[in-house]
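Heads up: the sequence shown begins at 1 in the UniProt record's numbering, then just goes up one per residue.
Ideal Cβ placement from N, Cα and C applies to all residues, glycine included.
As the structure is a prediction and not an experimental result, all values here were calculated from the model.
Below you'll find the structure, written out as C-alpha cells, and then a few comments.
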Amino acid sequence: RGVEKEWKTIVAAKRREGGTELGELYDNTPAEITNEDDLFNYLDCYLPKYNTNNEGFVLPMLAKIYEYNNEQGLLAQMKINGVRCNISAVMRGEGFFKTKGLVFRSRKGLEYKCPVLENVLLDDVITDKLFNRMLEDNLVLDGELYIPGLELNDILSAAENLKSPYNRFLQFWCYDLAIDDMIQTSRISLLKSEFGKFKMPNYVNAKAILDYHMNNKKRFVLIHTYDNLNGDEDIIKYRDLFVEAKFEGAILRNPYATYQFGKRNSTMYKSKPILDGKFKIIDIIPEGAKRPKFSKFVLRNDVNGETFECMPIGDASTRESYLLNKDKLIGKTAFVEYRCRSGVKNVPSHGNLIKILNNEPTGLPNNIEEES
Numbered sequence: 001r002g003v004e005k006e007w008k009t010i011v012a013a014k015r016r017e018g019g020t021e022l023g024e025l026y027d028n029t030p031a032e033i034t035n036e037d038d039l040f041n042y043l044d045c046y047l048p049k050y051n052t053n054n055e056g057f058v059l060p061m062l063a064k065i066y067e068y069n070n071e072q073g074l075l076a077q078m079k080i081n082g083v084r085c086n087i088s089a090v091m092r093g094e095g096f097f098k099t100k101g102l103v104f105r106s107r108k109g110l111e112y113k114c115p116v117l118e119n120v121l122l123d124d125v126i127t128d129k130l131f132n133r134m135l136e137d138n139l140v141l142d143g144e145l146y147i148p149g150l151e152l153n154d155i156l157s158a159a160e161n162l163k164s165p166y167n168r169f170l171q172f173w174c175y176d177l178a179i180d181d182m183i184q185t186s187r188i189s190l191l192k193s194e195f196g197k198f199k200m201p202n203y204v205n206a207k208a209i210l211d212y213h214m215n216n217k218k219r220f221v222l223i224h225t226y227d228n229l230n231g232d233e234d235i236i237k238y239r240d241l242f243v244e245a246k247f248e249g250a251i252l253r254n255p256y257a258t259y260q261f262g263k264r265n266s267t268m269y270k271s272k273p274i275l276d277g278k279f280k281i282i283d284i285i286p287e288g289a290k291r292p293k294f295s296k297f298v299l300r301n302d303v304n305g306e307t308f309e310c311m312p313i314g315d316a317s318t319r320e321s322y323l324l325n326k327d328k329l330i331g332k333t334a335f336v337e338y339r340c341r342s343g344v345k346n347v348p349s350h351g352n353l354i355k356i357l358n359n360e361p362t363g364l365p366n367n368i369e370e371e372s
C-alpha cells in the first residue's frame, strides 16, 4: 500500500508539471506501446513541442533569481505583485451560435473566471485580427491579474471566486507574448504595435511611476520595458526605482532569447531587495486549516497603525511552540525580512519572521530569541 500511494503521489506531481498519459496524447493513441523503437517514433511524431499541463495548456516562462554577475544589455520591467495569468483565445458554441471567448489560466493551468474583464478585453482591447491570430497560431498573452493597492491574497481570491466583490475590478497587466521562434525584442514590438494606446508611459521618476501605478483604472496595461541595462549598477537602480513605486522588484529579460515555455533559466531573471524591520506582535493565530498547529503572526506596521500577517521561519517544533506560548510573546518585538511594501496600507509583503527581539526569556526551543 505504501508503494502504491507513493507512486500515485509521484504521478500526480508529474501531471502538475505537465505530464500526460500515453492514451491522452492524440485522438487514437493506444494505451500502451511496448516496443521501444515504436514508442520513440510515436512520441517523436505526436509529443507536443512545449511543456504543457495535462490539458495541453502551454506553461509560462519562469524567472530565475538574478545572482548579480554583471550581465550586460538586459531589459527591465516592473515585477507586479499580482496573480500570474495567461490569456488564450477560444470559440464557444457550435455552428451559427459560435462566439468569441478568452480563457484565463494560472501558472499551473488552472482556469480563472473573469467575465467582466473578458468582455472589456474583447470589446475594447483585442482586435478581431489579433484574436484570430491568437486562435489560429496559439498566441498567448502573458501577464498578471492585478488590482493596484489590493493585497495579493485578495487578488487571488477575486480571480478564483466569481462571488468576490473584487472580481469585477480585475485588471490585466501584460508583459510578454508566448509565441514560438520570436525573440524577446520582437515580441515586445508586436505587443506595442497591438496595444500601444494601453502602454505605460516611459517614466523614470519613482513618484510619477507610483502615481500611475496606484491610480490606474484601465483594465488592460502594457508594461513599459526599459532597455539596455548594463551591469549590476543599472539593474539595482531600476530595481530600487520600481520598489519605491510599490512594485515587488524587477524582471530582467534577455533581449535576444525566444520564449522558454515552462522553463526557468537565464532567459528571464527576477531581482528583489531584502528589506527588514522591527514590528510589534499583536497576536499569534493558527496558520490555516491544513496546518492548524503551526503559527502565523499578526504584527503592527512600523509606519502607521495598520496590521499585517507574517509566517515565521524555523522547524516544526519551533512554529508550533510560538502558538502554544502566544501569551508570553504578544507585545514583544519581531524582526522581519520582507521584499517590498504593498497596497494602500503600505505594509510589508512577502516577509518572514526571523527572530523575536527581547531580553526576557520565554523558554522557547532552538535559540529563537535574541536581545534587541
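Asked	Found
How far does the alpha helix (DSSP H) with phenylalanine 335 in it extend, from its first residue to its last?	Counting along the chain, phenylalanine 335 falls outside any alpha helix (DSSP H), though it belongs to the beta strand (DSSP E) covering 333-338.
Compare the C-alpha of asparagine 81 against each of Ala245, Ala289 and Gly305 and name the closest.	Ala245
Leaving out five residues on either side along the sequence, give the residues of the same chain with a beta carbon under 8 Å from the beta carbon of threonine 307.	Ile282, Val298, Leu299, Arg300, Asn301 and Val347
Report the residue from Pro30, Ser88, Leu39 and Lys326 whose alpha carbon sits nearest the alpha carbon of aspartate 137.	Ser88
At 3 residues or longer, what runs of the beta strand (DSSP E) sit wholly inside the stretch 266-320?	275-286, 295-300 and 307-312
What are the boundary residues of the alpha helix (DSSP H) that alanine 245 is part of?	Here alanine 245 belongs to no alpha helix (DSSP H), and DSSP marks it neither H nor E.
Output the residue ranges of the beta strand (DSSP E) runs that lie fully inside the stretch 66-114 and measure 3 residues or longer, sorted by chain position.	72-79, 83-92 and 99-105
Report the rounded CA-to-CA distance for aspartate 211 versus serine 349, giving the unit in angstroms.	20 Å
Count the other CB atoms within 10 Å of the CB of glutamine 260; is the residue buried (16 or more) or exposed (fewer)?	buried
I'd like to know whether the C-beta atoms of arginine 187 and glutamate 144 end up nearer to each other than 8 Å.	no
Counting C-beta neighbours from all protein chains within 10 Å, is the total for isoleucine 7 16 or more, i.e. buried, or is it exposed?	With the sequence shown as reference, residue 7 is identified as tryptophan, and isoleucine is not the correct amino acid for it. Looking at its Cβ environment, which holds fewer than 16 other Cβ atoms inside 10 Å, tryptophan 7 is exposed.
Taking Cβ to Cβ, would you say glutamate 194 is nearer than 8 Å to cysteine 340?	no
Just list the residues that DSSP pairs alanine 230 with in beta bridges.	At residue 230 the sequence reads asparagine, which differs from the alanine that was named. DSSP output for asparagine 230 lists Gln72 as bridge partner(s).
Examine the Cβ distances between the stretch 114-134 and the stretch 165-172 and report whether three or more of them are shorter than 8 Å.	yes
Would you check if there are 3 or more beta carbon pairs closer than 8 Å linking the stretch 94-107 to the stretch 253-272?	no
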